[in-house]
Amino acid sequence: MRYVKYKIPFINNLYLLKWYPKAITGIHNHPEKYCDVVIINNSLYEYQYILNKNDFKKINEKKLNASFMYTLPPEIYHDVHNNTNSYVYSLNYYY
78 MRYVKYKIPF
88 INNLYLLKWY
98 PKAITGIHNH
108 PEKYCDVVII
118 NNSLYEYQYI
128 LNKNDFKKIN
138 EKKLNASFMY
148 TLPPEIYHDV
158 HNNTNSYVYS
168 LNYYY
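For the sequence shown, this note's numbering begins at 78 and goes up steadily by one.
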């Protein structure tokens, strides 16, 4: 299991994600939606890709640190990794 997604009551499109140790999402995007992410504890790693014909080419990687907000645009393909041996929590807002 990669993560568990909990819907925050009374706030549309806001979720608490519990990332399992060593979790990896797999490459994906958020079609027609932006995603604002705030890491609550520890850090996650995001790897960004472009689709080159039928293959993905990595174009960027960054460490997502706690207490900062990151915006993920819909046109970017990415995967997210919890490289730690601990649970990591994030708040994700999709719009």
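All C-beta atoms in this analysis are idealised placements derived from N, C-alpha and C, irrespective of residue type, glycine included. All values derive from a computational prediction rather than experimental measurement.
Of the residues Asp132, His107 and Asn129, the one whose Cα lies closest to the Cα of Asn169 is His107.
In chain order, Asn106, His107, Pro108, Glu109, Lys110 and Tyr111 place their CB closer than 7 angstroms to the CB of Pro151, counting only its own chain and leaving out the 5 sequence neighbours on each side. Assignment of Ile101 by DSSP, reduced to helix, strand and coil, places it in the strand class. The DSSP-derived three-state label of Met78 is coil.
Leaving aside the five residues that flank Asn90 on each side, the residues in its chain whose CB is nearer than 8 angstroms to its CB run, in chain order, Tyr170, Tyr171 and Tyr172.
Just measuring C-alpha positions, the residue of Met146, Ile153, Val157 and Lys134 sitting nearest Ile117 is Met146.
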